[in-house]
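S.K.:
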Amino acid sequence: SQTIHQWPATLVQPVGSPLSLECTVEGTSNPNLYWYRQAAGRGLQLLFYSVGIGQISSEVPQNLSASRPQDRQFILSSKKLLLSDSGFYLCALEGEGANVLTFGAGSRLTVL
Amino acid sequence: AQSVSQHNHHVILSEAASLELGCNYSYGGTVNLFWYVQYPGQHLQLLLKYFSGDPLVKGIKGFEAEFIKSKFSFNLRKPSVQWSDTAEYFCAVLSGGSYIPTFGRGTSLIVHP
Chain H
1067 SQTIHQWPAT LVQPVGSPLS LECTVEGTSN PNLYWYRQAA GRGLQLLFYS
1117 VGIGQISSEV PQNLSASRPQ DRQFILSSKK LLLSDSGFYL CALEGEGANV
1167 LTFGAGSRLT VL
Chain S
26 AQSVSQHNHH VILSEAASLE LGCNYSYGGT VNLFWYVQYP GQHLQLLLKY
76 FSGDPLVKGI KGFEAEFIKS KFSFNLRKPS VQWSDTAEYF CAVLSGGSYI
126 PTFGRGTSLI VHP
């Protein structure tokens, strides 16, 4: 079955520091992959999606970036974090049933 | 662009009460509809989905949802909630030809034993 691994699970970083959140998937090939940010009362905000290696589409302009160096790896990065980057970041893949998303456990980022 | 509205942001119920969470979307064409649930400390997971056919769909744990095309709605229901239904519920819509679902803001449900 398809699984998603996200790490780190929690992260506390100072403002201005870099960020790298990693997502790897198993049990599937050439999946569509997504990065969402979940904020309390604001639902799920799509940040990036990828339909293949090296193919990244950004939904929201910001100081975050994403990369897909391998078919099953999706990385969320920042060169300099802002306070507003704090949140819960979810990686997802388009899953076992077409159009159904499978989500990872998430990475909670706190920027101080 | 598609938008999804969940009218109830916070719902508090006692066990055995009936539940209905509203979900409305804006796009009028072909849609796939979903409810996802996030139990405390767990992954966000699919509760039920509608692609076509019978507009009344049944999901896990006794949940059901009804697609009413004329109302652009996909409300989630459960006749008798349990304490274990405490969770956050998200409605999502996938417009025809897209592979990017749009999510609502979510509804936090608390069920008191």
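Protein chains in written order, with the working numbering: chain H, 1067 to 1178; chain S, 26 to 138.
Glycine included, each C-beta is placed from N, C-alpha and C at the ideal position.
Got a sec: which bits of the region 98-131 of chain S sit with their beta carbon under 7 Å from any beta carbon on chain H, in order along the chain?
M.R.: Phe115, Leu119, Tyr124, Ile125, Pro126, Phe128, Gly129, Arg130, Gly131
S.K.: Any beta carbon of chain H sitting closer than 9 Å to that of Gln70 (chain S)?
M.R.: Translated into the one-based positions of the second sequence, residue 70 (chain S) becomes position 45. Chain H contact via Cβ: present.
S.K.: If you measure from the beta carbon of His34 (chain S) to each beta carbon in chain H, is any gap under 9 Å?
M.R.: Taking the second sequence and counting its residues from 1, the one referred to as residue 34 (chain S) is at position 9. Yes - at least one Cβ of chain H is within 9 Å of the one on His34 (chain S).
S.K.: Could you list the residues in the region 1103-1129 of chain H with a C-beta less than 7 Å from some C-beta on chain S, going in chain order?
M.R.: Residues Gly1107, Arg1108, Gly1109, Leu1110, Leu1112, Tyr1115.
S.K.: Which chain S residues sit within Cβ distance under 8 Å of Asn1098 (chain H)?
M.R.: Here the question's residue 1098 (chain H) lines up with position 32 in the first sequence. Here the neighbours are Tyr124.
S.K.: Compute the Euclidean distance between the alpha carbons of Glu89 (chain S) and Arg102 (chain S), then round it to the nearest angstrom.
M.R.: Translated into the one-based positions of the second sequence, residue 89 (chain S) becomes position 64. Translated into the one-based positions of the second sequence, residue 102 (chain S) becomes position 77. Between Glu89 (chain S) and Arg102 (chain S), the alpha-carbon positions lie close to 5 Å from each other.
S.K.: Look at the Cβ atom of Phe128 (chain S), then the Cβ atom of Val29 (chain S), and state whether they are nearer than 9 Å.
M.R.: Position 103 of the second sequence holds residue 128 (chain S). Position 4 of the second sequence holds residue 29 (chain S). Against a cut-off of 9 Å, the Cβ pair of Val29 (chain S) and Phe128 (chain S) comes out as a contact.
S.K.: Report back the beta-carbon spacing between His1038 (chain H) and Gly1170 (chain H) to the nearest angstrom; my notes put them in contact at under 8 Å.
M.R.: Nothing can be reported for residue 1038 (chain H), as the shown portion of chain H is limited to 1067 through 1178.
S.K.: With distances taken Cα to Cα, identify the nearest neighbour of Cys116 (chain S) among S:Leu73, S:Gly122, S:Pro104.
M.R.: Working through the second sequence from its first residue, we reach residue 116 (chain S) at position 91. For the residues S:Leu73, S:Gly122, S:Pro104, the minimum Cα distance to Cys116 (chain S) belongs to S:Leu73.
S.K.: If Tyr114 (chain S) and Gly87 (chain S) are in contact, beta carbons under 8 Å, what's the gap, nearest whole angstrom?
M.R.: Indexing the second sequence from 1 puts residue 114 (chain S) at position 89. Indexing the second sequence from 1 puts residue 87 (chain S) at position 62. The Cβ separation is near 14 Å, so there is no contact.
S.K.: State yes or no: is the beta carbon of Asn57 (chain S) nearer than 9 Å to at least one beta carbon in chain H?
M.R.: Position 32 of the second sequence holds residue 57 (chain S). Output row for Asn57 (chain S): interface = yes.
S.K.: Measure the C-alpha to C-alpha separation of Gln1136 (chain H) and Tyr1100 (chain H) and round it to an integer number of angstroms.
M.R.: Here the question's residue 1136 (chain H) lines up with position 70 in the first sequence. Here the question's residue 1100 (chain H) lines up with position 34 in the first sequence. Near 14 Å, if we compare the C-alpha coordinates of Tyr1100 (chain H) and Gln1136 (chain H).
S.K.: Shorter than 9 Å from the beta carbon of Gln31 (chain S) to some beta carbon of chain H?
M.R.: Residue numbering aside, residue 31 (chain S) sits at position 6 when the second sequence is read from its first letter. Under the Cβ criterion of 9 Å, Gln31 (chain S) is counted among the residues facing chain H.
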